[in-house]
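If you read the protein sequences in the order shown, they are chains B and G.
The first sequence lines up with residues 447 to 871 when you count with the working numbering.
The second sequence lines up with residues 447 to 871 when you count with the working numbering.
Where is the CB? At the ideal position from N, CA and C, for every residue including glycine.
None of these values were measured; they are calculated from a predicted model.
Number of protein chains: 2
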Amino acid sequence: MLNIPDSPHPRIVIIGAGFAGFKIAKKLSRKKFQIVLIDKNNYHQFQPLFYQVAMAGLEPSSILYPLRKAFQKNKNVHIRVAEVQAINPLKKRILSSLGEIYYDKCIIATGVVTNFFGNESIEKFASPLKSITDALQLRNSILSDLENALMTTSYEERQGYIDIVIVGGGPTGVELAGALAEMKKYILPKDYPELNEKEVDIYLIQSGKCLLPGMSEMASGKALEFLEKLNVNVILDKRVTDFNGRYVKINDGTEIKAHKVIWAAGVRGESLEGIESNAITKSYRYLVDPTNKIIGYEHIYAIGDIAYMQTVEFPEGHPQVAQVAIQQAVNLANNFIKNQSKPFKYKDLGTLATIGRNKAVADLPKLKFYGFTAWVLWLIVHLRSLIGFKNKFFVMLNWVWNYITYDQSLRLIITTAKKNKEPVD
Amino acid sequence: MLNIPDSPHPRIVIIGAGFAGFKIAKKLSRKKFQIVLIDKNNYHQFQPLFYQVAMAGLEPSSILYPLRKAFQKNKNVHIRVAEVQAINPLKKRILSSLGEIYYDKCIIATGVVTNFFGNESIEKFASPLKSITDALQLRNSILSDLENALMTTSYEERQGYIDIVIVGGGPTGVELAGALAEMKKYILPKDYPELNEKEVDIYLIQSGKCLLPGMSEMASGKALEFLEKLNVNVILDKRVTDFNGRYVKINDGTEIKAHKVIWAAGVRGESLEGIESNAITKSYRYLVDPTNKIIGYEHIYAIGDIAYMQTVEFPEGHPQVAQVAIQQAVNLANNFIKNQSKPFKYKDLGTLATIGRNKAVADLPKLKFYGFTAWVLWLIVHLRSLIGFKNKFFVMLNWVWNYITYDQSLRLIITTAKKNKEPVD
């Protein structure tokens with residue numbers, strides 16, 4: 447029983463509080479709807495900065511925002527922390543871990559998960575970076591392995607602990623590689639004088655011919671140049687075919703010894719039970735019409751990364767980025783509020799990626815540039831996009847601090863494994 | 447193999463990096479010793495503020511300090527993250543989870559753990575607050591239970607989720623009760639408008655006749671008055687005899703329905719294998735002579751909470767507080783540096799406890815007072831004691847923020863349970 451009070455207004459159930467779900471809940475929160483916002487966490491996550499949490503540069507709390515706090519002033523918004531399992535379009539009901547709930551309209555904004563392309567061994571051993579928990583686990587594992595590396599006198603064994611392989615040359619892979627390279631350069635010699643930082647190898651493996659596919663040729667080229675200057679081993683046009691927790695296999699037959707593989711090579715949706723397969727793409731996203739309504743259904747919509755909308759301009763769907771999610775949320779909210787069916791039109795505001803200190807690439811609609819200016823723009827855009835003044839303020843302070851001291855100071859191995867203590871009633 | 451390089455200087459192995467271990471490592475770090483500092487975590491913990499982490503007012507990182515960062519400039523300090531299991535006084539060796547190590551002098555500064563006085567059911571179901579992990583688990587469990595409370599229409603069941611019982615009327619229990627009462631007053635009505643905050647009962651159960659035993663009568667009285675003003679149910683002179691995860695049993699036969707019991711009712715040591723039982727007290731602390739050397743042993747010392755030193759002034763040992771730990775560390779370090787055996791003499795700087803916003807009690811050697819001035823003093827003393835400018839600065843910012851907004855904004859349920867992915871070599 448989700449225990450939602452009755453309301454004279456139509457009930458809109460939103461599943462997922464990422465960029466898309468959070469935005470549409472906000473837009474609808476002061477209108478004549480009852481909003482039920484369901485997420486498996488009690489917070490909104492700012493995904494673009496997960497990698498900085500993993501690199502011990504930011505605290506989780508700086509890039510998360512408690513949902514209850516965000517909607518404190520919106521009495522018609524009901525937040526429930528639950529996992530949604532299935533949808534029944536005929537009865538207009540959703541089945542969740544907390545029970546069933548009726549909807550007048552349902553908006554699926556569940557985002558995407560890491561795609562291991564069916565390789566179970568990679569899925570078991572590689573580290574994804576699609577949640578704050580992933581980020582903290584990665585942070586812990588990098589720091590623990592540096593401790594482990596001190597304990598061995600064998601060069602070969604030490605390589606396994608300290609080398610890191612990143613798979614995927616999109617923004618996540620590139621930004622992570624840059625941050626790792628700087629950690630190696632500025633932090634390792636100070637924190638681990640007993641290790642030889644030159645032994646630390648960082649690999650970035652990209653299946654395509656260039657980094658940052660989707661961005662301009664100049665951006666790709668500069669990203670490569672910046673990373674190579676930071677001594678990252680960028681391997682282009684090669685695929686990782688397997689990883690057993692000890693060795694990474696590449697499709698040209700070579701192997702790299704490493705315990706840690708960060709997998710940023712692809713994403714896929716996770717579709718709910720109850721939606722017919724002809725409305726689902728092969729990467730488990732929902733096929734939606736230009737108003738984000740799922741093909742073949744009334745009252746069920748999908749927005750953000752999980753939605754797949756084919757248009758003349760984007761015959762293979764829109765890029766899976768925050769801007770698309772936010773704009774789809776705004777368009778759909780307006781359609782609900784004004785009772786209209788205006789099709790979604792994506793306005794590309796540009797793409798940015800940073801590669802360590804002072805360096806970034808920027809593809810704006812009318813201007814492409816790189817270097818310090820692009821980096822400052824990257825900082826401003828990310829600060830502006832964070833939710834809440836306190837988060838903006840604390841992230842900025844941390845950035846200023848880290849910039850001045852050349853030091854991320856959060857190198858803490860903290861675990862919160864729950865002790866099992868469910869009593870027998 | 448702990449893999450510590452050879453050194454021309456005598457090797458001092460310090461076990462534990464709490465107030466005592468951290469301080470003595472710092473004092474000896476620039477002298478002619480080789481220091482091996484072993485802790486099971488890679489950070490120093492500032493215990494007095496655990497309760498604020500549990501109450502979502504501070505981030506873990508604000509009150510932890512990475513050991514490697516603290517000793518970056520001390521090449522003769524070697525940090526190892528390991529659990530120490532036993533000591534062999536004859537061979538002068540320590541056995542840890544990372545292997546054996548030889549010592550010239552060994553300093554045991556392992557602190558104390560929660561004492562459940564042998565009650566396994568309480569140990570299983572109650573929440574301790576003696577580590578940052580405990581604090582985060584408690585935070586998660588309070589927040590999760592508020593979510594659970596929304597899901598039930600039964601008053602009885604809801605009480606179980608929202609009522610909280612704190613056992614132990616020392617500083618931890620008192621400060622926690624005050625913070626919880628303020629959360630109930632300021633946060634609950636805003637974050638959980640669907641709950642009736644008046645249904646939330648906070649109990650503080652103390653076995654003695656007064657709160658804050660060891661402090662002055664005025665401090666005890668004022669603490670009680672402040673807590674009762676905040677609607678905390680303070681129960682004096684009663685003992686909790688059992689807790690099964692659902693009901694708390696009190697020695698007068700009454701029962702309280704609650705899922706959460708915070709156990710701050712006592713501590714005990716955990717002695718290492720290899721020390722004879724006649725050097726160990728019944729609460730597992732080491733009997734030390736006035737120079738902190740463990741009775742009956744050469745070259746093995748104990749400092750801080752784990753040490754039990756009987757003096758004329760303190761026939762039942764010193765209070766187990768940070769000040770004693772720090773002063774013993776300083777005295778022992780000076781003894782080592784100057785090759786002397788000066789006995790330890792405790793200089794009581796006073797005791798402080800805070801009970802929510804603007805309220806605290808202070809027992810200074812020559813002055814006892816309470817209220818706003820005591821509260822400001824509490825803030826200053828705690829800020830000064832934190833290690834590192836950044837921690838001081840961020841804690842202060844958070845306090846200013848929380849004070850102005852009446853809001854702790856870190857109400858995030860984050861877990862970092864590690865997926866088991868050890869490969870078969």
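Alpha carbon of residue i to alpha carbon of residue j, nearest angstrom
i: PHE839 of chain G; j: ASP735 of chain B; result: 51 Å
i: LEU858 of chain B; j: GLU505 of chain B; result: 10 Å
i: SER653 of chain B; j: ILE533 of chain G; result: 53 Å
i: HIS764 of chain G; j: THR862 of chain B; result: 33 Å
i: GLY616 of chain B; j: ASP853 of chain G; result: 38 Å
i: LEU589 of chain G; j: THR556 of chain G; result: 31 Å
i: SER662 of chain G; j: ASP809 of chain G; result: 7 Å
i: SER717 of chain G; j: CYS552 of chain G; result: 14 Å
i: ILE461 of chain B; j: LYS814 of chain B; result: 37 Å
i: GLU645 of chain G; j: LEU670 of chain G; result: 21 Å
i: GLY778 of chain B; j: ASP647 of chain G; result: According to the sequence shown, residue 778 of chain B is Leu rather than Gly. Rounded to the nearest angstrom, the two C-alpha atoms are 43 Å apart.
i: ALA625 of chain G; j: GLN756 of chain B; result: 53 Å
i: THR599 of chain B; j: ASN449 of chain G; result: 8 Å
i: PHE686 of chain G; j: LYS630 of chain G; result: The amino acid occupying residue 686 of chain G in the given sequence is Val; Phe does not appear at that position. Taking the straight line from one Cα to the other gives about 24 Å.
i: ALA860 of chain B; j: GLN773 of chain G; result: A small fix is needed here, since residue 860 of chain B is Ile in this sequence, not Ala. Going by the C-alpha atoms only, they are around 29 Å apart.
Closer than 8 Å to chain B by CB, residue i
i: TRP847 of chain G; result: yes
i: PRO639 of chain G; result: yes
i: THR599 of chain G; result: yes
i: GLN498 of chain G; result: no
i: ARG457 of chain G; result: no
i: ILE610 of chain G; result: no
i: GLU628 of chain G; result: no
i: ARG514 of chain G; result: yes
i: ARG857 of chain G; result: yes
i: LEU510 of chain G; result: yes
i: GLU529 of chain G; result: no
i: LYS706 of chain G; result: no
i: ASN522 of chain G; result: no
is_contact[residue i, chain G] using C-beta, thresh 8 Å
i: ASN738 of chain B; result: no
i: ASN724 of chain B; result: no
i: PRO761 of chain B; result: no
i: TYR607 of chain B; result: no
i: GLU645 of chain B; result: no
i: THR862 of chain B; result: yes
i: SER507 of chain B; result: yes
i: LEU483 of chain B; result: no
i: ALA463 of chain B; result: no
i: ILE874 of chain B; result: Residue 874 of chain B is absent from the model: chain B starts at 447 and stops at 871.
i: ILE772 of chain B; result: no
i: GLN583 of chain B; result: yes
Rounded Cβ spacing between residue i and residue j (contact assumed at less than 8 Å)
i: ILE554 of chain G; j: ILE708 of chain G; result: ILE554 of chain G to ILE708 of chain G, Cβ: 28 Å. No contact.
i: GLY464 of chain B; j: GLN491 of chain B; result: 7 Å
i: SER402 of chain G; j: ASN522 of chain G; result: Not covered by the structure: residue 402 of chain G. The range shown for chain G is 447 to 871.
i: GLU546 of chain G; j: ARG539 of chain G; result: 5 Å
i: LYS473 of chain B; j: ALA775 of chain B; result: 7 Å
Burial state of residue i, where buried means 16 or more other Cβ atoms lie within 10 Å
i: PHE835 of chain B; result: exposed
i: ARG457 of chain G; result: buried
i: GLU621 of chain B; result: buried
i: GLY802 of chain G; result: buried
i: VAL611 of chain G; result: buried
i: LYS706 of chain G; result: buried
i: VAL846 of chain B; result: exposed
i: THR819 of chain G; result: exposed
i: ARG476 of chain B; result: exposed
i: ASP580 of chain B; result: buried
i: ASP751 of chain B; result: buried
i: LYS865 of chain B; result: Reliability of the predicted coordinates at LYS865 of chain B is poor, the pLDDT of 49 falling under 50, and the value obtained from them is presented with this limitation in mind. Under this definition LYS865 of chain B is an exposed residue.
i: GLU628 of chain G; result: buried
i: PRO574 of chain B; result: buried
i: THR851 of chain B; result: exposed
- Item | Residue ranges of each beta strand (DSSP E) within the segment 655 to 737 of chain G, 3 or longer | 679 to 682, 686 to 689, 693 to 696, 701 to 703 and 706 to 709
- Item | Complete alpha helix (DSSP H) runs within the segment 464 to 506 of chain G (minimum length 4 residues, chain order) | 465 to 474 and 496 to 500
- With a floor of 3 residues, list each beta strand (DSSP E) that falls wholly inside the segment 770 to 856 of chain B, ordered by position along the chain. 797 to 800, 806 to 810 and 813 to 816
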